[in-house]
Amino acid sequence: MSLQRCLASRKDCSGDGRILSLPEILDICKSTNQAAPSKSLFVVLPDGDDYSGGLYLYKDKELKLITDKEKSQYSLELYPELTWKESIALYDLIDIGLIWQYLSLKVGSMELGVSQRARPPKKMNKLLNSVRNQNYVLLYSVAVRERDRGGLIEDTLETLQKELEEGIYLLETPECYKNRAIYENIYEGIPLDDTIFNKVEKRTPKYTLNEISQLLWACQGETDHATHGNRDGLEKNGYGRVHASGCAGYAVYPIIIVDDLTCVPKGRYIYNPVGYSALNRWIKVNDKKNYDHFIQMYTPDNNKLEIEKEIGFKFSNYAILLCIDRKKPCSGFMHSKIGKAFMSPRYWAEVEAGMALAGLQLQANALGIRWQKTIISNPDEFKYRNLFGLDSAEQTINEMATNLVNLPKNERLSLKGQLVPTVLFYL
């Protein structure tokens, strides 16, 4: 299965899941470990046909049994290695997000699904640390489960006619959606394993709207909109962004720093994955039907030289900055003071940034583009607000959310807190 089809059909799933063969488990672990090769993976298995259930360590392409005192009722559970520190470093949290997205896409290619359970597994922590005499802290777990969602469903709602406002640039339709290719099952794309293991020959970026459209969609885009704007139904039925989110909080906000991009002036932009209508995925501009996502300028000054000086690198035509809103995840009714919250919001936004980064990395690999990334050190320092113009970006994001159709459903776009820069991705 192609990377693009895995992204377009990524849905959280329920159910227990089927028993996997040992080669399938090793294949999943190998692909997942590629996201952060320096990290160990702890895998919990049920009893299988060619293995016994228990808690395993995956390292050096092998599974080593730690203890059989803990088993899973699902196909498998995954816990990325994380050593306890007084304050967990941003790059460690980004790594967890990368690992989870690689896992999610790999099991998706096997017609399975995943579900994130964002509760610190205290029992697992205690068991693992007592057996290994280490000081691990496992934040959340991911369970591989039976896929219980249908296939891709194309929107049938009447396409919205729209004129572009000044400063807004409609991005091109991602390749997989053109001419209904992904719905007709005729889109080949790049095999997922080729992107994970970086088998695509590298070339110089083209710096076009088509290129950046595919990158941004793979990072933060949306999947099917068959429910036509009914967000409650949309989330309930497993549709949404191409990466997972803490209770559909969607805490990641990409900022694009443009120096030289075809048909787009210099400046700093925010990416809107919801589009103009937030109702379906398609829009007509000048009688041309496009996938509905765009970038909007929030300042014409790209501040490129200052950013390069501060971060210590030079980027070419554009860079993508992933910001997070720490107050956004897990902020719904289920996590209020009413009742008992079942999901911890701590660190989730940072982990989600890692999931979005995985989409960027993999899609860049699929396009054969050379890329680099920089994790922002001390992202809470005030200097970054001026460096990236975050006050202006926040104002633009919230104004844009109130100007879209389907206003009650656009909390997923507006901010609840301040933007915090995490990762800079550049070509």
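When you line the sequence shown up against numbering that gives the first Met the number 0, it's residues 0 to 426, in that order.
Note that CB positions come from ideal geometry on N, CA and C, so glycine has one too.
For residue i, count the other beta carbons within 10 Å of its own beta carbon; 16 or more makes it buried, fewer makes it exposed. Which is it?
i	result
Ala88	exposed
Ile24	buried
Ile256	buried
Lys308	exposed
Leu163	exposed
Lys84	exposed
Phe314	buried
Asp291	buried
Pro344	buried
Arg280	buried
Pro264	exposed
Pro36	exposed
Lys121	exposed
Ser376	exposed
Is the CB-CB distance between residue i and residue j below 8 Å?
i	j	result
Ser8	Leu151	yes
Asp147	Cys28	no
Tyr317	Leu361	no
Lys205	Asp258	no
Ile18	Gly52	no
Ala357	Val422	no
Asp15	Tyr73	yes
Ile167	Phe41	no
Asp324	Ala400	no
Gln133	Met354	no
Met262	Leu418	This sequence places Cys at residue 262; Met is not what is there. No, the pair does not count as a contact, with Cβ atoms beyond the cut-off.
Cys218	Leu359	yes
Glu183	Met123	no
Thr222	Gly248	no
Leu81	Val136	yes
So, at 7 Å on beta carbons, what are the nonlocal neighbours of residue i in its own chain, with the 5 sequence-adjacent residues on each side left out?
i	result
Ser108	Met0, Cys5 and Leu191
Trp298	Residue identity differs from the one stated: residue 298 is Thr in this sequence, not Trp. Cβ neighbours of Thr298 beyond the five flanking positions: Gly266, Arg267, Gly388 and Ser391.
Ile310	Thr373 and Leu423
Tyr50	Leu21 and Leu44
Arg116	Tyr139, Ser140 and Ala142
Tyr346	Ile87, Leu92 and Leu138
Asn32	Leu40 and Tyr57
Ser30	Tyr101, Lys105, Asp192 and Ile195
Thr395	Ile269, Gln295 and Tyr297
Ala363	Leu214 and Trp370
Arg384	Asp390
Glu187	Ser1
Below 6 Å CB to CB, which residues in the same chain sit around residue i once its five sequence neighbours on both sides are set aside?
i	result
Trp216	Pro173
Val350	Leu92, Ile95 and Gly96
Gly220	Val241 and Pro272
Ala365	Leu2, Ile189 and Thr194
Gln371	Tyr425
Arg369	Lys201
Val130	Ile65 and Thr66
Asp26	none
The beta strand (DSSP E) spanning residue i covers which residue range?
i	result
Leu75	Leu75 to Pro79
Trp281	Trp281 to Val284
Asp324	Tyr317 to Asp324
Gln115	Leu111 to Arg116
Ser276	Neither: Ser276 is in no beta strand (DSSP E) and is coded neither H nor E.
Ala142	Ser140 to Glu145
Asn32	Taken as a continuous stretch (DSSP letters only), Asn32 belongs to no beta strand (DSSP E), being part of the alpha helix (DSSP H) at Leu21 to Asn32.
Ile306	No beta strand (DSSP E) contains Ile306, which is instead part of the alpha helix (DSSP H) from Lys303 to Ile310.
Lys10	Neither: Lys10 is in no beta strand (DSSP E) and is coded neither H nor E.
Val241	Careful: Val241 lies outside any beta strand (DSSP E) and carries neither H nor E.
Asn134	Where Asn134 is concerned, there is no enclosing beta strand (DSSP E), given that its DSSP letter is neither H nor E.
Val257	Val251 to Val257
Tyr297	Phe293 to Thr298
Lys287	Lys287 to Tyr290
Glu69	It is not in any beta strand (DSSP E) - Glu69 carries neither H nor E in the DSSP assignment.
Which residue marks the beginning of the alpha helix (DSSP H) containing residue i, and which one marks its end?
i	result
Gly107	Leu89 to Ser108
Ile152	Ile152 -> no alpha helix (DSSP H), and no H or E assigned at all.
Lys121	Lys121 to Arg131
Leu2	Leu2 to Ala7
Spatial neighbours of residue i within its chain, please: CB distance less than 8 Å, with the 5 preceding and 5 following residues excluded, ordered by chain position.
i	result
Ile181	Gln3, Arg4, Ala7, Leu151 and Cys175
Leu208	Tyr168, Leu170, Glu171, Leu260, Thr261, Cys262 and Val263
At which residue ranges does the segment 333-392 contain complete alpha helix (DSSP H) runs of 4 or more residues, listed in the order of the chain? 347-366 and 382-387
Could you give the uninterrupted runs of the alpha helix (DSSP H) lying entirely in the segment 167-218, keeping only those of 4 residues or more? 191-195
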